[in-house]
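Here's the structure we're looking at; comments come further down.
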Amino acid sequence: MQSSMMKNRVTVVGLLIICAAAYRLIPHPYNFAPITGMALLAGSYLKSRKALAILLPLIALFASDVILNNTLYRSFYQAEGFVLFQPYMVTTFLSLILIVGIGMLVKQFKLFQIIGASVGSSVLFFTLTNFGSWLTIPLYPKNMVGLIECYTAGLPFFPATVFGDLVFTLILFGIAALAFGWMEKRQYSIG
78 MQSSMMKNRV TVVGLLIICA AAYRLIPHPY NFAPITGMAL LAGSYLKSRK
128 ALAILLPLIA LFASDVILNN TLYRSFYQAE GFVLFQPYMV TTFLSLILIV
178 GIGMLVKQFK LFQIIGASVG SSVLFFTLTN FGSWLTIPLY PKNMVGLIEC
228 YTAGLPFFPA TVFGDLVFTL ILFGIAALAF GWMEKRQYSI G
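Start counting the sequence shown at 78; every next residue gets the next number (the numbering used here).
Quick look at the structure:
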């Protein structure tokens, strides 16, 4: 891919990821978030630059988590000073990296692939992050009963996760397609 075209891709994807991460900082329904969409978009559009595809959404997620943990969720960490990292973040970041990998399998303009990747990623995220919660939250006994309790506690949030992932994934891919289509048209009309 031409250098200027790749630079444009990185710029557009980077801006979309920053905007999506900023959305996490405004009031919104629980679990209706753009995390999956950010990861799928980066994986799909930056697959030739794998490290960047992983780093962009990972840095955006980390930065927004730090802000949220030290403002909105501060009451959960009253005994701590500045919160930079929490154990739950490990499985969230691992999920994000795996979802970027799923995004690398998605062709940008294949609607059913995008929808399937979004729903599959929702299931992956739910499975891994709830397992991480079971491991790190003392509330749950470290046995099969505790694991089942943890997944059961997460079930009411799952529909919003699936819906939010689907909405944000479609919006981000749609905006990217429009932006790249416009840039391609402009390049041909100038050249």
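No residue lacks a Cβ here, since even glycine has one placed at the ideal position from N, Cα and C.
{"Query": "Spatial neighbours of Tyr228 in its chain, beta-carbon cut-off 7 Å, leaving aside the 5 residues before and after", "Result": "Asn207"}
{"Query": "Residue closest to Phe189, alpha-carbon to alpha-carbon, out of Ala230, Leu247, Pro215, Leu161", "Result": "Leu247"}
{"Query": "For Val89 and Ala194, believed in contact at Cβ under 8 Å, the rounded distance", "Result": "About 19 Å separates the two Cβ atoms, so there is no contact after all."}
{"Query": "Beta-carbon proximity of Ala130 to Ala119, cut-off 7 Å", "Result": "yes"}
{"Query": "Inter-residue Cα distance where the pair is Phe153 and Asp142", "Result": "13 Å"}
{"Query": "For Leu149, the nearest candidate out of Met166, Leu132, Arg101 (CA to CA)", "Result": "Arg101"}
{"Query": "Inter-residue spacing [alpha-carbon to alpha-carbon] between His105 and Phe139", "Result": "18 Å"}
{"Query": "Inter-residue Cα distance where the pair is Met181 and Ser198", "Result": "12 Å"}
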